[in-house]
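Q: Got a structure for you, written out below as structure tokens; questions coming shortly.
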């Protein structure tokens, strides 16, 4: 398997990326870190990652899915309004590739208009996000993890290890 990990140019959640990398490496899943920046991306706690591929040139056929990392950078850069990224998600969705959104990244899925009638895991205390999910006809779930066909949402990155292990089990990885 091979995944694209999308991060905001700044203020992505460092802990999410470190746990993703740890578990993806453990299960021998290939991945590339991607962003719209050609410069180093800096996390909210100072972690630095150089994008291995610019998101503008991603070929969906080369990946089994995409993981959208959470963090305030998604809001700061208004990634949920960036049409090229929304179009990329549509391509992943139309190809029935996995799309994994963590925490506040589910807002991007809503704006890409791919959540209709699908359960979306949302943090309980985020009313703005809940309203967004309802606006785009998603079904709010308080579960830590929701798998709706190719769309996978994780409620909270603070406890990401268990949902990720469940996802890998779902993929048949051991």
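Numbering (the working numbering), first residue to last: 183 to 356. No residue lacks a Cβ here, since even glycine has one placed at the ideal position from N, Cα and C.
#1: Output the distance between the C-alpha atoms of residue 286 and residue 253, rounded to the nearest integer angstrom.
#2: Between which two residues does the beta strand (DSSP E) holding residue 292 run?
#3: Once you ignore the five residues that flank residue 280 on each side, which residues in its own chain have a CB closer than 7 Å to its CB?
#4: If you measure between the beta carbons of residue 220 and residue 270, is that distance less than 9 Å?
#5: Buried or exposed: where does residue 266 fall if 16 or more other Cβ atoms within 10 Å of its Cβ makes it buried?
#6: Mind listing, in chain order, the continuous alpha helix (DSSP H) runs of no fewer than 4 residues lying wholly within the segment 240–266?
#7: Given a cut-off of 9 Å on the beta-carbon distance, is the pair residue 215 and residue 234 in contact?
#8: If contacts are defined as beta-carbon pairs under 8 Å, then residue 303 and residue 249 qualify, I think. What distance do you get, rounded to the angstrom?
#9: Locate the beta strand (DSSP E) running through residue 200, then write down its first and last residues.
#10: Should residue 315 and residue 251 be called a contact, given that it needs their Cβ atoms to be closer than 9 Å?
#11: Assign residue 184 to one of three DSSP states: helix, strand, or coil.
#12: Throw me the rounded Cβ distance for the residue 294 and residue 258 pair, which I believe falls under 8 Å.
#13: Could you check which residue in 288, 330, 309, 239 has the C-alpha nearest to that of residue 278?
#14: Looking at residue 218: is its Cβ nearer than 9 Å to the Cβ of residue 202?
#15: Specify the secondary structure class of residue 323 as computed by DSSP and reduced to three states.
A: In short, the structure shows the following:
#1: C-alpha separation (whole angstroms): 7 Å.
#2: For residue 292, no beta strand (DSSP E) encloses it; the enclosing alpha helix (DSSP H) starts and ends at 288–293.
#3: Closer than 7 Å at the Cβ level, and outside the excluded window around residue 280, lie 246, 247, 332, 334.
#4: Against a cut-off of 9 Å, the Cβ pair of residue 270 and residue 220 comes out as no contact.
#5: Per the 10 Å Cβ criterion, exposed.
#6: Segments of the alpha helix (DSSP H) lying fully in the segment 240–266: 255–258.
#7: For residue 215 and residue 234, yes; Cβs fall inside 9 Å.
#8: Distance from residue 303 to residue 249 at the Cβ level is roughly 14 Å; contact not present, criterion being Cβ atoms closer than 8 Å.
#9: Following the DSSP letters along the chain, one finds residue 200 in no beta strand (DSSP E) but inside the alpha helix (DSSP H) bounded by residues 196–208.
#10: When the beta-carbon positions are compared, residue 315 and residue 251 stay at least 9 Å from each other.
#11: Of the three classes helix, strand and coil, the one that applies to residue 184 here is strand, per DSSP.
#12: About 19 Å separates the two Cβ atoms, so there is no contact after all.
#13: When each option's Cα is compared against that of residue 278, the closest is 330.
#14: For residue 218 and residue 202, no; Cβs fall outside 9 Å.
#15: Note: residue 323 maps to strand in three-state DSSP.
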